[in-house]
Structure formats: structure tokens, C-alpha cells
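Contents: one structure, followed by commentary.
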Amino acid sequence: MILPVILAGGSGSRLWPLSRAAYPKQFLKLNGGGTMLQETITRLKKDTTDSPIIICNEEHRFLTAEQLRQIGQLNHNIILEPVGRNTAPAIALAALCALQRGNDPLLLVLAADHVIQNVGAFQEAVVKATKYAEQGKLVTFGIVPTGPETGYGYIERGAESDNGFAVARFVEKPNLETAESYVNSGNFYWNSGMFMFRASRYLDELKAHRPDIHAACEEAIGDTSADLDFVRIDKNAFTKCPEDSIDYAVMEKTDDAVVVPMDAGWSDVGSWSSLWDVSDKDEKGNVHHGDVMSYNSNNNYIFAETGLVATVGLEDVVVVQTKDAVLVTKKDQVQDVKKIVEELKAADRSEYKLHREVYRPWGKYDSVDAGDRYQVKRITVKPGEKLSIQMHHHRAEHWIVVSGTANVTIDEETSLVTENESVYIPVGAVHALENPGKIPLELIEVQSGAYLGEDDIVRFEDRYGRA
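Add 120 to a position in the sequence shown, counting from 1, and you land on the number used in our numbering.
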């Protein structure tokens with residue numbers, strides 16, 4: 121069986137404001153029925169692939185677990201990176217973890233945030249790659265270029281062998297003139313960042329070319345601990361690991377690299393314009409999501425998260441509206457969206473990182489309103505889930521149940537609070553909220569006090585390991 125390894129990191133800057141640091145694009149529904157992470161898993165052939173290993177960072181662990189649970193793929197199979205160290209160490213962790221289980225599988229390394237429109241062609245390329253990986257080769261998938269793209273690295277092919285080619289060289293992102301020469305030659309592919317090889321072969325090559333990375337990962341995976349659905353590694357050991365990509369650390373140095381061509385409608389969705397490229401369009405070239413009305417407008421990407429967005433006389437633009445931000449940009453300037461994110465971060469504005477609606481392991485909350493010394497949130501608690509036992513130094517809270525039943529503990533007293541009932545939590549009171557029912561618990565929380573930040577939470581006990 122093939123063991124998929126899904127790399128689910130990401131900073132969330134290029135598709136802002138929909139994608140953010142705490143909710144990057146792999147967790148979004150952008151071009152399919154599921155999120156990009158879910159689509160990455162569901163396009164795999166079930167009869168030839170095992171349950172995947174997911175590599176993600178600490179901050180996104182509950183998002184990852186929930187999305188795997190929704191598609192029946194949550195199986196204590198999430199490795200948490202305490203710090204980001206690029207792809208070479210991340211893949212090494214997965215390979216070492218697989219060997220610890222007593223297997224030496226073929227690893228199919230995929231990014232969680234790619235779009236592939238032709239699933240059949242993708243699966244055929246995986247079948248072709250399998251025979252090379254079984255022979256000890258390190259396979260990379262080269263995307264058949266559709267044009268002189270300057271935003272991708274390229275792979276030059278060498279001698280052919282049964283629908284695969286030896287890798288002649290990897291090249292960096294070119295200028296336009298160079299990219300045109302690559303495409304016209306017919307000997308170059310886009311570098312997809314997808315790979316296949318046997319776990320032990322990858323580790324052998326990594327040890328030969330980057331023994332420092334290999335040693336650090338081996339030490340980190342040698343001391344793991346289970347935490348709910350997560351595998352935690354040795355933080356101190358992994359923090360010492362050098363950063364490097366698999367391309368630089370292994371693929372450019374090995375003598376056994378093979379490139380298998382893939383023509384499957386692939387995109388890494390690196391910008392709003394590339395998302396427009398791969399999306400279904402109306403007769404005027406527009407892509408609409410949500411409540412959108414357009415008049416005399418052509419070739420636009422319009423996204424409305426809440427409320428109506430109307431356009432008149434627009435052409436070749438992107439408009440993205442969320443609950444707390446609106447982006448308007450020309451399609452040919454979307455690469456500069458990250459500049460806005462950098463400015464938001466420098467100004468310490470929450471919009472670079474968080475949405476107004478924030479997901480938690482127990483459910484979510486939506487910050488409906490805020491002002492001087494008050495904040496209003498709509499809180500949703502999933503059936504059977506419980507917030508941490510906590511207290512606040514600076515704020516009091518008033519909870520009004522909208523639907524469902526709440527089990528509320530304030531200091532030593534516990535009571536059930538049902539629809540249209542409310543409860544008050546004074547400053548300094550130790551309290552907890554639980555949904556004991558079978559349906560989601562919806563409530564309105566009104567906070568009041570001198571300081572209302574999320575860091576004014578003292579957790580005494582938490583079933584999600586945050587205390």
C-alpha cells in the first residue's frame with residue numbers, strides 16, 4: 121500500500137482576506153465540495169492507498185483534526201511540528217514514523233493546498249510513479265506547462281524510460297524570456313512539489329546529503345507522545361534542525377531522481393488570479409461565489425461571504441468580501457496582496473491572522489460587536505464538547521442561550537440553562553460551559569470589563585491539552 125504524506129503548513133497571506141495565518145487556504149472550500157485538505161485526500165485511490173499521515177503545525181491542529189473527522193480519515197495520524205523547518209525535515213518525520221510502525225512503505229508526498237481538476241490523470245501518474253519508486257528511485261511529478269509561467273520552478277528532463285524521465289536538473293523561477301524558451305523546448309516541466317519514494321530510500325539519501333537534518337529528525341521522532349489524535353515530537357531536538365526544502369536537500373543531489381509528467385489541470389492556487397483560472401466561469405468570464413449581482417462586468421472573481429456584493433462596469437478585477445474585511449484589486453496585481461498582509465501584521469491588527477469567526481476544538485465563536493469596555497460574541501458548542509474550566513481577571517460575562525442546553529458551572533455550583541434563559545459570570549469566578557445535548561448549543565456572550573483580550577483566560581483544566 122502507498123502511504124500518503126500530506127504537508128499541511130501555510131501562512132495564509134496570498135489569498136487574504138479569505139485565507140489568514142490562523143486559517144490558511146488548505147482549510148478553505150475554494151474549488152470543490154470539500155476543503156482543499158479534504159479534496160487532497162479524497163482524490164486518492166482507496167484500494168491502493170493507506171490512511172494518510174498529516175504534517176501540520178501546532179496552531180492548526182484542531183482544524184486539521186476536525187476536517188479529517190468529517191471525511192472519516194482521523195486515526196491518530198497527525199504529526200505536529202513545534203516549529204516550521206521546511207519540507208525536507210517534515211517528510212523525514214513522516215518516513216521515520218512509518219518505519220517505527222514496522223513498515224517501509226512507498227510515500228506519496230502531497231501538498232494540502234493544490235487544485236487538481238483531472239483526478240483520473242493524477243491517479244494514472246501515481247501508478248506510473250509507483251514502479252519507479254519500487255525500484256528505489258526518487259520520483260518527482262512534473263506538471264506539463266500550459267504557458268511560460270514565471271511563478272514556478274522548472275524541472276528539465278533527461279533520458280526517457282517507460283513514461284518517465286531522468287531528472288537533468290532543477291531550475292529556479294525564471295524570467296519571462298527564459299520561461300518561454302523552456303516551454304518551447306518541450307523538455308521542461310513545472311515543479312509541482314509532489315513526490316514518491318520508499319521511506320527508507322528517502323532517509324538514506326537525506327542521511328548521505330544532509331546528515332544534520334537526518335540526525336535532528338531521528339532524535340525528535342525518537343521521543344514522541346500521543347495527545348488526543350496528535351503525535352507530538354521532541355520540541356528541543358526539532359528546534360535544532362536546520363531548515364531546508366526537499367529539492368535542495370535531496371532531489372538536486374541524488375543520482376536516482378526521476379520525473380513523471382502529469383497533465384491533470386494542476387494549480388498551486390498561489391493567488392486570486394490563479395484561482396480564477398481554475399474556476400468555472402459564466403458566459404462573461406465571471407466567477408461568482410455567494411450573493412453576487414454583476415452588470416456589464418467581465419472576467420472578474422467576486423466572492424461574497426455575507427451580504428450582497430454588486431458590481432457595475434468592472435473588468436479583470438478581484439473582489440473578496442468577508443465579515444470583517446473587503447479586498448478589491450486588479451487581477452494582474454494580486455501578487456501584492458501579501459504586502460497588505462505585511463502592513464496589517466506590522467500594525468498589529470488582528471485581520472492578518474484571525475477571521476471574525478474563530479474555530480476552536482469545541483466549536484466556534486463569532487465576534488458580532490465590540491466597543492469601549494464591551495464585546496458581544498455568538499458562541500456555538502458542538503454536542504458533547506466542553507470549554508476549559510477557566511476564570512478571568514478583568515471581565516465579567518453574561519450568557520444567553522439561543523438554542524440547545526448548556527451545562528454551566530460557576531465556582532462550585534452547576535446548573536442547566538436552556539433556551540431563552542441566561543446566566544451571569546462575575547469577574548474572578550471559576551466557570552465552565554458544556555453542551556450535554558445532541559444538537560449544537562448556540563448562545564450569545566456579552567463581555568464587559570476593562571480588558572477583553574483572549575489572553576485574559578486562566579485555564580485550570582482542559583480536555584484539549586491547553587491548560
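All C-beta atoms, glycine included, are put in the ideal place defined by N, C-alpha and C.
Where residue i falls: helix, strand or coil (DSSP)
i: P381; result: strand
i: V547; result: coil
i: Q453; result: helix
i: E541; result: coil
i: I174; result: strand
i: W136; result: coil
i: K458; result: helix
i: L464; result: helix
i: S535; result: strand
i: K145; result: helix
Residue interval of the beta strand (DSSP E) (run including residue i)
i: D324; result: From DSSP, D324 is part of no beta strand (DSSP E) but of the alpha helix (DSSP H) over 319-329.
i: V287; result: 284-291
i: V488; result: 483-491
i: P124; result: 122-127
i: D347; result: 345-347
i: A516; result: 515-523
i: Q281; result: First, the residue type needs correcting, since residue 281 is Ser and not Gln in the sequence shown. Start and end: 274-281.
Any non-hydrogen atom of the ligand ATP closer than 7 Å to residue i Cβ
i: D364; result: With respect to the ligand ATP, the structure shown offers nothing to examine, as it has no ligands at all.
Same chain, Cβ closer than 7 Å to residue i, neighbours up to 5 away in sequence not counted
i: P503; result: N555, G557, K558, I559, P560
i: D332; result: P362
i: K165; result: Q243
i: E477; result: K443, K484, D486
i: G569; result: R493, H514, R515, A516, V547
i: T529; result: H551, A552
i: S535; result: V528
i: R583; result: K506
i: W482; result: V501, K502, E505, K506, L507
i: A549; result: M511, I530, D531
i: E541; result: V521
Same chain, Cβ closer than 8 Å to residue i, neighbours up to 5 away in sequence not counted
i: V398; result: N151, V235, Q237, G385, S387, V389
i: S523; result: E539, I559, P560, L561, E562
i: S393; result: Y421, V438, K451, D452, V454
i: Q193; result: I161, S171, P172
i: G278; result: F285, A286, V287, A288
i: E269; result: A299, W310
i: A218; result: L123, I173, D224, P225, L227, A319
i: V370; result: A208, L258, Y322, E325, L326, H329, R330
Residues of its chain near residue i, where Cβ-Cβ distance is below 6 Å and the 5 sequence neighbours each way are ignored
i: V566; result: V496, H518
i: W310; result: I263, P265, Y272
i: A249; result: V259, M316, V380
i: E581; result: I509, A587
i: F308; result: Y274, E276, Y302
i: V203; result: T359
i: T426; result: K443
Where the alpha helix (DSSP H) containing residue i begins and where it ends
i: V303; result: 296-305
i: M413; result: Careful: M413 lies outside any alpha helix (DSSP H), inside the beta strand (DSSP E) at 412-415.
i: T529; result: Per DSSP, T529 belongs to no alpha helix (DSSP H); it is in the beta strand (DSSP E), 526-530.
i: G240; result: 239-254
i: K257; result: Element bounds for K257: n/a, residue is neither H nor E.
i: T184; result: 181-190
i: A424; result: Taken as a continuous stretch (DSSP letters only), A424 belongs to no alpha helix (DSSP H), being part of the beta strand (DSSP E) at 421-424.
i: F358; result: 355-359
i: A214; result: 207-220
i: L157; result: 156-162
i: L563; result: L563 -> not in any alpha helix (DSSP H); beta strand (DSSP E) instead, spanning 561-569.
Selected residue, minimal CA-CA separation from residue i, among the options
i: L183; options: K166, R163, Q158; result: Q158
i: S487; options: R493, I499, K373; result: I499
i: N206; options: K458, T534, T359, H513; result: T359
i: S391; options: P124, A128, L127, G132; result: G132
i: Y472; options: L228, A232, K257, Y143; result: Y143
i: L572; options: E403, V550, H512; result: H512
i: M314; options: A232, W136, T270; result: A232
i: G130; options: I366, A214, G267, E178; result: E178
i: P209; options: I341, V247, T449, D576; result: I341
i: L148; options: Y479, V247, N416, M371; result: Y479
i: L395; options: E574, M156, N195, A241; result: M156
i: E280; options: V446, K404, Y252; result: Y252
i: G433; options: V448, S414, A445, L447; result: S414
i: A245; options: H475, D383, D468; result: D383
i: I366; options: E574, L323, L348; result: L323
i: D347; options: L200, E533, Q190, V501; result: L200
i: H329; options: D364, N283, S542; result: D364
i: S312; options: E435, F261, T344, G267; result: F261
Inter-residue CB distance, residue i and residue j (contact presumed, cutoff 8 Å)
i: G410; j: A424; result: 3 Å
i: L228; j: P124; result: 5 Å
i: I126; j: L230; result: 6 Å
i: I198; j: F350; result: 5 Å
i: A357; j: A336; result: 6 Å
i: W136; j: V461; result: 5 Å
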